[in-house]
Amino acid sequence: MINVRLPILVSSVFFLVFISSSLLFATPSFSARVSHSLVHEEVTKIPEYTEPEEPEIPEEPELPSPEEPEIPEEPEIPEEPEVPGEPEVPEEPEEPEEPEGPKFGFPSWIPSFPFPGVNGGLPKSEKTKPHYNKYPH
Numbered sequence: 001m002i003n004v005r006l007p008i009l010v011s012s013v014f015f016l017v018f019i020s021s022s023l024l025f026a027t028p029s030f031s032a033r034v035s036h037s038l039v040h041e042e043v044t045k046i047p048e049y050t051e052p053e054e055p056e057i058p059e060e061p062e063l064p065s066p067e068e069p070e071i072p073e074e075p076e077i078p079e080e081p082e083v084p085g086e087p088e089v090p091e092e093p094e095e096p097e098e099p100e101g102p103k104f105g106f107p108s109w110i111p112s113f114p115f116p117g118v119n120g121g122l123p124k125s126e127k128t129k130p131h132y133n134k135y136p137h
């Protein structure tokens, strides 16, 4: 029986609070206070905005460009004649020695079985036939 009375009691309390709050806002004293704050007083007239006049910027006189100093020409260097006895051998850049083994060292906790996608995860010697369904639907 207590389980039925509790929701009724709670709902009635909320109902009474709702009714009393609506009656509170309907009182003349409350409406007088609110209406006073809602009264629109005339706003003082703001003068129209006028753009300030831009002062005229006097044109700057062009300065005479200074004479460019003459750059002396570099004397031509005569090319050395080729010696027919010595053929030029272009120098080959030295290639760094690559260490043998994988370029990427896998951590020790990764197992050594073949990964899928590299030869299908199978050794090169093992070949499998594609599986065909005998009874197609």
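According to UniProt numbering, the sequence shown is numbered sequentially starting from 1.
Cβ coordinates follow ideal geometry from the N, Cα and C atoms, glycine included.
Go through its chain and collect everything with a Cβ distance to GLU6's Cβ below 6 Å, but skip five positions before and after it. Note on residue identity: the sequence assigns Leu, not Glu, to residue 6. Nothing listed; no residue qualifies.
When DSSP labels each residue in this structure, what does ILE19 get in the three-state scheme? helix
Can you tell me the Cα-Cα spacing of SER12 and GLU48, whole angstroms? 60 Å
Going by DSSP in three states, SER11 sits in which element: helix, strand or coil? helix
Quick check: the Cα distance between GLU59 and GLU73, rounded to an integer number of angstroms? 40 Å
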